[in-house]
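Counting in our numbering, the sequence shown tops out at residue 188, every number present.
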Amino acid sequence: MVAYEQGKRKNGTPVLPERSNPSAVLQEEGGFFSLGFGGWITVKFARPIKQGEEIAVITVIDETGGVYPEKKAEVFVSQDGENWYSAGYAKNSDNRKDNRSYTELALPEGLPWAQYVKIVDCSDRAIHANDADGYDVVVIKARNFLECEVVNWNPGSCH
Numbered sequence: 030m031v032a033y034e035q036g037k038r039k040n041g042t043p044v045l046p047e048r049s050n051p052s053a054v055l056q057e058e059g060g061f062f063s064l065g066f067g068g069w070i071t072v073k074f075a076r077p078i079k080q081g082e083e084i085a086v087i088t089v090i091d092e093t094g095g096v097y098p099e100k101k102a103e104v105f106v107s108q109d110g111e112n113w114y115s116a117g118y119a120k121n122s123d124n125r126k127d128n129r130s131y132t133e134l135a136l137p138e139g140l141p142w143a144q145y146v147k148i149v150d151c152s153d154r155a156i157h158a159n160d161a162d163g164y165d166v167v168v169i170k171a172r173n174f175l176e177c178e179v180v181n182w183n184p185g186s187c188h
């Protein structure tokens with residue numbers, strides 16, 4: 030994880046501590062992180078995600094499974110962590126299975142690769158209860174990575 034700023038609940042209070050571990054988005058079995066209304070989180074992958082024969086896919090999983098009013102987050106990608114491009118939206122009503130929603134998004138057309146993913150809550154506060162806390166991110170995953178070439182600049186001795 031590179032950075033995050035957790036928003037607040039609808040009533041202006043902090044998100045509950047058990048819903049506030051940003052490291053949870055790094056592994057599927059680590060719970061989840063609530064963005065809070067207007068909150069965001071940015072992760073950097075070890076290798077760049079690429080476009081290619083297979084479409085580059087960023088998967089965002091939400092824990093609520095659609096039992097709440099719509100929760101929504103915009104997903105951005107970047108090559109450098111500075112210039113961001115929208116890949117689309119993740120919603121708690123997308124591809125539901127059990128109590129989770131699975132959103133798969135591709136890199137925007139014209140962007141050959143990206144290494145950063147930023148998720149920004151854009152849920153409509155008006156349709157939620159006062160204790161609601163925005164979009165919940167279980168994990169951020171990607172597939173179709175660039176293969177990195179290893180260059181041995183100092184091969185050393187062959188003894």
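Note that beta-carbon positions come from the ideal geometry of N, C-alpha and C, so glycine has one too. Nothing here was measured: the structure is a model prediction, and the numbers come from that model.
Have a look at residue i and residue j and give me their C-alpha separation to the nearest angstrom.
i, j, result
"arginine 125", "serine 115", "23 Å"
"serine 130", "lysine 120", "7 Å"
"phenylalanine 174", "alanine 75", "9 Å"
"tyrosine 164", "glutamate 176", "32 Å"
"glycine 68", "aspartate 150", "6 Å"
"aspartate 127", "phenylalanine 62", "19 Å"
"lysine 170", "proline 77", "12 Å"
"methionine 30", "proline 51", "8 Å"
"glycine 110", "arginine 172", "19 Å"
On the DSSP bridge list, what partners appear for residue i?
i, result
"aspartate 165", "Ser63"
"serine 115", "Phe105"
"lysine 79", "Trp142"
"proline 4", "Not covered by the structure: residue 4. The range shown for the chain is 30 to 188."
"valine 149", "Trp69, Glu103"
"alanine 32", "Thr71"
"serine 49", "Phe62"
"arginine 129", "Lys126"
Measuring CB to CB, does residue i end up less than 8 Å from residue j?
i, j, result
"serine 49", "lysine 100", "no"
"lysine 79", "tryptophan 142", "yes"
"valine 166", "isoleucine 148", "yes"
"glutamine 56", "valine 44", "no"
"tyrosine 118", "threonine 71", "no"
Does the beta-carbon of residue i, which I'm using as the reference point, lie nearer than 7 Å to any heavy atom of the ligand ZN?
i, result
"alanine 119", "Questions concerning the ligand ZN fall outside what the structure shown contains, since it holds no ligand whatsoever."
### Message
Closer than 8 Å is the cut-off here; do at least three beta carbon pairs connect the region 155-163 with the region 31-50?
### Response
The way I'd put it, the region 155-163 does touch the region 31-50; three or more beta-carbon pairs between them come closer than 8 Å.
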